[in-house]
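Chemist: So that we are looking at the same thing, I have put the structure below in structure tokens.
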């Protein structure tokens, strides 16, 4: 595994965690539906960052 690919993976995970944290801070006291929406947003943003970001 190249160092560039590893960095891209770590940054994608970090983006997903940050988006999930922001979502939970907006929602406040999340229940199941809000948590699932947050997970979908986090996975979606992480995958988007991974496939669209080109680390030169």
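Numbering (my numbering), first residue to last: -19 to 36.
All C-beta atoms, glycine included, are put in the ideal place defined by N, C-alpha and C.
Computed from a predicted model, the values in this text were never measured in an experiment.
Report yes if the C-beta distance between residue -1 and residue 35 is below 8 angstroms; otherwise report no.
Modeler: By 1-based counting over the chain shown, the position of residue -1 is 19. By 1-based counting over the chain shown, the position of residue 35 is 55. Their beta carbons are not under 8 angstroms apart, which means residue -1 does not touch residue 35 by this criterion.
Chemist: Got a sec? Which residues, its chain only, sit under 6 angstroms from residue 29 by beta carbon, not counting five neighbours each side?
Modeler: For this step, residue 29 is matched to residue 49 along the chain shown. Once the five neighbours on either side are set aside, the close Cβ partners of residue 29 are -8, -5.
Chemist: Under the assumption that residue 26 contacts residue 4 (Cβ atoms under 8 angstroms), give the Cβ distance between them as a whole number of angstroms.
Modeler: On the chain shown, residue 26 is found 46 positions in, with the first residue counted as 1. On the chain shown, residue 4 is found 24 positions in, with the first residue counted as 1. Incorrect: roughly 16 angstroms between the Cβ atoms, too far for contact.
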